[in-house]
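Just so we're aligned: 4 in UniProt numbering is position 4 of the sequence shown, and the numbers increase by one with no gaps anywhere.
Working notes, structure below.
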Amino acid sequence: ETGVIDPEIQRYNTPGFSGCLSGVRFNNVAPLKTHFRAPRPMTAELAEALRVQGELSESNCGAMPRLVAEVPPELDPWYLPPDFPYYHDEGWVAILLGFLVAFLLLGLVGMLVLFYLQNHRYKGSYHTNEPKATHDYHPGSKPP
1 ETGVIDPEIQ
11 RYNTPGFSGC
21 LSGVRFNNVA
31 PLKTHFRAPR
41 PMTAELAEAL
51 RVQGELSESN
61 CGAMPRLVAE
71 VPPELDPWYL
81 PPDFPYYHDE
91 GWVAILLGFL
101 VAFLLLGLVG
111 MLVLFYLQNH
121 RYKGSYHTNE
131 PKATHDYHPG
141 SKPP
């Protein structure tokens, strides 16, 4: 035993918490880790909900430390100084390309309409000098 155990912790049959806190929520206090840092932002209800007994130290909880280092601008191949002129934002090129695409689409639609009219126009009938049939080849039909 470690001494007097909090009744709420004793209800779960544990002597307390030993481990790492990160995004833990307890008694509507979230994240719990920030409330144990010094200076502690303690209010009356928070002081009632959280009590610290024993040694409390901040660590990275076994996580790897952040190793991202700043790259100096002279070594960064993608660095652009603030006064770098950007010449690729011409508005007239986009307008010209828009008109070109619209013209090509209009031409394509026109060609499709002409193709349809050519292939589906009314062909009409024409007269030939061929003789008409003198008898019916269908035996079930009546003669005229």
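Beta carbons: idealized from backbone N, C-alpha and C, even for Gly.
Just so we're clear, the structure is a prediction, and the values are computed from it rather than from any experiment.
Kindly indicate which three-state DSSP category residue i falls into: helix, strand or coil?
i: PRO131; result: coil
i: PRO7; result: helix
i: TRP92; result: helix
i: ALA80; result: Residue identity differs from the one stated: residue 80 is Leu in this sequence, not Ala. Three-state DSSP puts LEU80 in coil, outside helix and strand.
i: TYR116; result: helix
i: LEU75; result: coil
i: ALA69; result: coil
Any heavy atom of the ligand ATP closer than 7 Å to the beta-carbon of residue i?
i: VAL93; result: Here there are no bound small molecules, and the ligand ATP is not part of this structure.
If I'm right that residue i touches residue j with Cβ under 8 Å, what's the distance once you round it to whole angstroms?
i: residue 152; j: PRO85; result: Residue 152 is absent from the model: the chain starts at 1 and stops at 144.
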